[in-house]
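Asks: In UniProt numbering, the protein residues as written are 1 to 408. We put the CB at the ideal spot given by N, CA and C, even for glycine. Mind having a look at this structure? Questions to follow.
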Amino acid sequence: MRDRIPGRNQETKSGDAAITRGFSSGGRTGRRIAAGLFVIIALVSGAFAIASFQSAGAEQPATAQGAQLVDIRGRSVTIHGPADRIAIDDSRFLVALGLIHPDPVSLLAAWPQDVNRLGTETYEQLLEISPELADLPRIASSAGSFNMEALLAARPDLALLSLESGITDAQIAQIEAAGIPVVQVDFFVQPLENLQKSLRLLGQLTGRETQAEEFLAFRAERMTAIADKVAALPEDDRPSVFLEAHAGITNDCCNSPGRGNVGDYISFVGGHNIGSDVISQSFGKLNIEYVISREPDVYIATGGPHLEKSGGLVLGTGYDEATARESLRRVAGRKGISGLSAVKSGRVHGFSHQLINSPLDVVAVETFAKWIHPEVFGDLDPGATLAEINQRFLSLPYEGVYWVDLTE
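Now the structure itself:
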C-alpha cells in the first residue's frame, strides 16, 4: 500500500447532504446489454492488474526502444520509463494522479493553473503540501488555444493532454520531434467509455499500474452493482432529468450536458437527460423555454467555489451544509426554473462540479442514482464511498459538502 498524507477523513451525514472530511437511452434490452458489457469490462480490468510498465498487455509490448502504449485516440506512443516531468493541460488531472501517486505535484513540469477547475480551496490545500506548484511553468488550458512555445519551454518528458484539447496532429508531430511523447486521455467527453482506459494509461505512464488497477476494481464493483439494478427497471421507468452545469454562472439559461459528458451518468443510472435530445456535442446550452416545455422530473444543479461571485451554486471544500443549501435554493428560485415541476415537487439537488470529469465519477453516479431512482437505490451511501476513496486512495482527501438536497 502506498504512502499517505496524514489526516484521513471521517464521514458524517445530515439529512440527505453528505459532509466528508478530508481533499443511451434505450429500453430494457439496451440496459441489460449495457450492464453485461460493464461486467465484462470489470472482469477484464482485473486481468490487467498484473501488468507492469515493461509488459503492459498485448497492445503495449516492451521493446529495446521503450514501451509501446496506445492512447485514447488510438495513437501508438513510445515511452522510455516512468514519466516524472509531465506537462498537463487540465488541473483535474491532479485528482486522477492523486489517486495513484502519493505526491502528484512532484510529477509535474508544467500545468495550466486553471484553478477554477480544481477548486480554489483544494488548490490552497495542495500549496500547503507542495508549495512548488505555484512556481511551475504555465501552459495553455485545454479550454483555450494551444500554446506550443510554452509547452516546449517547460521541457517535460511527457505531454499529457485532454481529448478535448485544441491541439492538431501537426502540433503533436512537432512536440514529438522535440523528443517529448504526447499522450491524450479523456475524463470529459465520453467518460463511461474512456475513463477506465485513461486511468490505466496514467498508471502505466508513471509506473503506478498496481495502484491504478486497485482503484479501477473498486470503481467497477460499484458501477456494476448499479448497472445490474438499472437493467431490471421497467422500460418506461426513465425519469426525465434537467442537469444545469455551473448553475448561476450567468443570468441566461442554461449550460447542459448533451451526448456524452455527465449526461452519460444520467443515462447509466436509468434517467433521461433532456439535453441529449437537442445538444449533439458533449456540452452546450438550452433555452429556458425548451426546459419548461420538457417538464423535467428531476433538477440537478452543479457548481462550486468558482460560482460564489456570480451568486451561483456553491459547495465543496470550505462550505457547510447550510450555505450549500441556501445557494441551491437561490439557484432554483430563478425565473423559469422556479416553476418547473421538479422544483415544485422538491426533487431539486446540487452537486459539486469538482467531483465530475475525474475518476471520482463513481461518487456522482451513486448520488445521481439515489436522486433519480430513490425507490431502487435508497441503500446506496455515496458518502461512505467517498470516505473510502479518501482513506484508501487519494493523496489529498476531499473535505467539505459535495452534494445537497433542497429539502432537509
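Where GLN54 and GLU326 are concerned, what is the direct C-alpha to C-alpha distance, given to the nearest angstrom?
Replies: On the sequence shown, position 54 is the one that residue 54 refers to. On the sequence shown, position 326 is the one that residue 326 refers to. Residue confidence for GLN54 is low, a pLDDT of 36 falling below 50, so the modelled location carries little weight and cannot support an answer.
Asks: Pick helix, strand or coil for PHE93, following the three-state DSSP scheme.
Replies: Here residue 93 is taken as the residue at index 93 of the sequence shown, counted from 1. Of the three classes helix, strand and coil, the one that applies to PHE93 here is helix, per DSSP.
Asks: If you follow the alpha helix (DSSP H) that residue 411 is in, where does it begin and where does it stop?
Replies: No information on residue 411 is available, as it lies outside the stretch 1 to 408 that the chain covers here.
Asks: For ALA154, which residues of its own chain have a beta-carbon under 6 Å away from its beta-carbon, when the five flanking residues on both sides are left out?
Replies: Here residue 154 corresponds to residue number 154 of the sequence shown, with the count starting at 1. ALA87, ALA109, ALA110, PRO137.
Asks: Starting from PRO257, follow the beta strand (DSSP E) in both directions and report where the run begins and ends.
Replies: Against the sequence shown, residue 257 aligns to sequence position 257. Segment 255–257, the beta strand (DSSP E) holding PRO257.
Asks: Tell me which residue opens and which closes the alpha helix (DSSP H) that SER142 is part of.
Replies: Taking the sequence shown and counting its residues from 1, the one referred to as residue 142 is at position 142. Taken as a continuous stretch (DSSP letters only), SER142 belongs to no alpha helix (DSSP H), as it is neither H nor E.
Asks: Going by other Cβ atoms of all chains shown within 10 Å of its Cβ, with 16 needed for buried, is ASP90 buried or exposed?
Replies: The count along the sequence shown starts at 1 and reaches residue 90 at position 90. Burial call: buried.
Asks: Measuring alpha carbon to alpha carbon, tell me which of ALA342, ALA387, ASN261, ASP103 ends up nearest SER130.
Replies: Taking the first residue of the sequence shown as position 1, residue 130 is located at position 130. With distances taken between Cα atoms, SER130 lies closest to ASP103.
Asks: PRO234 to PRO156, Cα distance in whole Å?
Replies: Locating residue 234 in the sequence shown gives position 234, where the first residue counts as 1. Locating residue 156 in the sequence shown gives position 156, where the first residue counts as 1. Cα to Cα, the separation comes out at about 52 Å.
Asks: In the DSSP output, which residue or residues are listed as bridge partners for LEU161?
Replies: On the sequence shown, position 161 is the one that residue 161 refers to. Its beta-bridge partners are GLN184.
Asks: Kindly identify the DSSP beta-bridge partner or partners of residue 414.
Replies: An answer regarding residue 414 cannot be provided, because it is not within the stretch 1 to 408 covered by the chain.
Asks: DSSP state of HIS101, grouped into three classes?
Replies: Numbered from its first residue, the sequence shown carries residue 101 at position 101. DSSP places HIS101 in coil when its eight states are reduced to three.
Asks: What does DSSP give as the partner residue(s) for HIS349 in the beta ladder?
Replies: Residue mapping note: residue 349 aligns to position 349 of the sequence shown, counting from 1. DSSP output for HIS349 lists ILE300, ASP405 as bridge partner(s).
Asks: What residue range is occupied by the uninterrupted alpha helix (DSSP H) comprising ILE226?
Replies: Working through the sequence shown from its first residue, we reach residue 226 at position 226. Note, ILE226: alpha helix (DSSP H), 209–231.
Asks: In terms of alpha-carbon separation, which member of SER395, PRO397, TYR402 lies closest to residue 419?
Replies: With the chain covering 1 to 408 only, the question about residue 419 has no answer from this structure.
Asks: Could you check how far apart the C-beta atoms of GLY312 and ILE249 are, in whole angstroms? I think they sit under 8 Å.
Replies: Walking along the sequence shown from the start, residue 312 turns up at place 312. Walking along the sequence shown from the start, residue 249 turns up at place 249. Confirmed, about 5 Å.
Asks: Starting from VAL241, follow its DSSP beta bridges and name the residues at the other end.
Replies: Counted from its first residue, the sequence shown places residue 241 at position 241. Partner(s): ASN273, VAL298.
Asks: Just mark ASN261 as buried or exposed, buried being the case when its beta carbon has 16 or more other beta carbons within 10 Å.
Replies: Residue numbering aside, residue 261 sits at position 261 when the sequence shown is read from its first letter. ASN261 is buried by the Cβ-count criterion.
Asks: Looking at TYR299 and ILE342, is the spacing between their C-beta atoms short of 8 Å?
Replies: By one-based count along the sequence shown, residue 342 stands at place 342. By one-based count along the sequence shown, residue 299 stands at place 299. According to the sequence as given, residue 342 is Ala; it is not Ile. Closer than 8 Å, so yes.
Asks: Taking buried to mean at least 16 other C-beta atoms within 10 Å of its own C-beta, is GLU209 buried or exposed?
Replies: In the sequence shown, residue 209 corresponds to position 209, counting from 1. It counts as buried.
Asks: Going by DSSP, what residue range makes up the beta strand (DSSP E) through ALA109?
Replies: The residue you call residue 109 lines up with position 109 of the sequence shown. Residues 108–110.
Asks: On the DSSP bridge assignment, give the partners of residue 410 in chain order.
Replies: Any property of residue 410 remains undetermined from this structure, which presents the chain solely from 1 to 408.
Asks: Roughly how many angstroms separate the alpha carbons of residue 411 and GLY339, rounded to a whole number?
Replies: Absent from the structure is residue 411, since the part of the chain shown begins at 1 and ends at 408.
Asks: Work out the CA separation of ARG75 and ALA301 for me, nearest whole Å.
Replies: Here residue 301 corresponds to residue number 301 of the sequence shown, with the count starting at 1. Here residue 75 corresponds to residue number 75 of the sequence shown, with the count starting at 1. Their backbone Cα atoms lie some 36 Å apart in a straight line.
Asks: Are there 16 or more other CB atoms within 10 angstroms of the CB of ALA170, so buried, or fewer, so exposed?
Replies: Numbered from 1 along the sequence shown, position 170 holds the residue referred to as residue 170. That one is exposed.
Asks: Helix, strand or coil for ALA316, going by three-state DSSP, please let me know.
Replies: As a first step, residue 316 must be located in the sequence shown, where it is residue number 316. Per the sequence shown, residue 316 should be read as Gly rather than Ala. If DSSP states are grouped into helix, strand and coil, GLY316 belongs with the strands.
Asks: Which of the three DSSP states is assigned to residue 416 in this structure?
Replies: As shown, the chain starts at 1 and ends at 408. That puts residue 416 outside it, with no answer to give.
Asks: Once DSSP output is grouped into helix, strand and coil, what is the label at LYS309?
Replies: Residue 309 sits at position 309 when you count from the first residue of the sequence shown. Of the three classes helix, strand and coil, the one that applies to LYS309 here is coil, per DSSP.
Asks: Does the distance from the CB of ILE372 to the CB of ALA212 come in under 8 Å?
Replies: In the sequence shown, the residue the question calls residue 372 occupies position 372. In the sequence shown, the residue the question calls residue 212 occupies position 212. In this structure, ALA212 does not lie closer than 8 Å to ILE372 by Cβ.
Asks: Using 8 Å as the Cβ pair cut-off and three pairs as the minimum, do the stretch 363–372 and the stretch 226–241 touch?
Replies: The stretch 363–372 is in contact with the stretch 226–241.
Asks: Taking the CB atoms as reference points, tell me whether ASP84 and LEU107 lie closer together than 8 Å.
Replies: By 1-based counting over the sequence shown, the position of residue 84 is 84. By 1-based counting over the sequence shown, the position of residue 107 is 107. A contact, by the Cβ cut-off of 8 Å.
Asks: How long is the line joining the alpha carbons of VAL230 and GLU366, rounded to whole angstroms?
Replies: Walking along the sequence shown from the start, residue 230 turns up at place 230. Walking along the sequence shown from the start, residue 366 turns up at place 366. Taking the straight line joining both Cα atoms gives about 12 Å.
Asks: Could you tell me whether the stretch 276–285 touches the stretch 319–336, where touching means 3 or more Cβ pairs closer than 8 Å?
Replies: No, the stretch 276–285 does not touch the stretch 319–336.
Asks: Please tell me whether ILE279 and GLY258 are closer than 8 Å, where the distance is taken between their beta carbons.
Replies: On the sequence shown, position 279 is the one that residue 279 refers to. On the sequence shown, position 258 is the one that residue 258 refers to. Yes, Cβ-Cβ distance for ILE279 and GLY258 is below 8 Å.
Asks: Find the nearest neighbour of GLY263 within the set GLY275, ALA217, LYS309, ASN194, judged by alpha-carbon distance.
Replies: As a working note, residue 263 is residue 263 in the sequence shown. Of the candidates GLY275, ALA217, LYS309, ASN194, the one whose C-alpha sits nearest the C-alpha of GLY263 is GLY275.
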